[in-house]
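Visitor: This is the structure I want to talk about, given as structure tokens.
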Amino acid sequence: MLKRRFRLKNKHEFKKTYQNGKTVANSYLVLYLIENKEIDDSKVAFAVGKRIGKAVVRNKIKRILREVYRKNMQAVKKNHYLIFIARAKIKGISYVNIEKSMLALLNKTGLISRK
């Protein structure tokens, strides 16, 4: 589980990221990000909409997304707000493919420079 200081929780932080942030997407995920020099670490949130499935399926996808991020968070640049939103195609794909998808988005934005 991610520590509280790494989680994006505040309504203001979400609004700021959605309105002013950069958007990058692939077939499984959409990433909203914005730089914030006021924080020491990057904060992240994960969203899975109701179109993807029942609560059990959505929670499983969120758990996988959190774990993939947790394993790779040391390589992510600091001072950013990140929001990952799952697309409908993510339902039923493997952990490895979700990891590749997330790392591809982070590479595309320049937040990570490995894998």
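Numbering (our numbering), first residue to last: 30 to 144.
Here a beta-carbon is modelled for each residue, glycine too, at the ideal position from N, C-alpha and C.
1. Less than 8 Å separating the beta-carbons of methionine 136 and histidine 109?
2. What three-state label does DSSP hand arginine 116 in the structure shown?
3. Would you say threonine 52 faces chain B, with C-beta separation under 8 Å as the test?
4. Do three or more CB pairs link the stretch 33-46 to the stretch 107-126 at distances below 8 Å?
5. Please tell me whether arginine 116 and leucine 58 are closer than 8 Å, where the distance is taken between their beta carbons.
Guide: The relevant details are as follows:
1. Here the sequence assigns asparagine to residue 136, which means methionine is not the residue at that position. Not closer than 8 Å, so no.
2. coil
3. The structure shown contains no chain B; it is built from a single protein chain.
4. yes
5. yes
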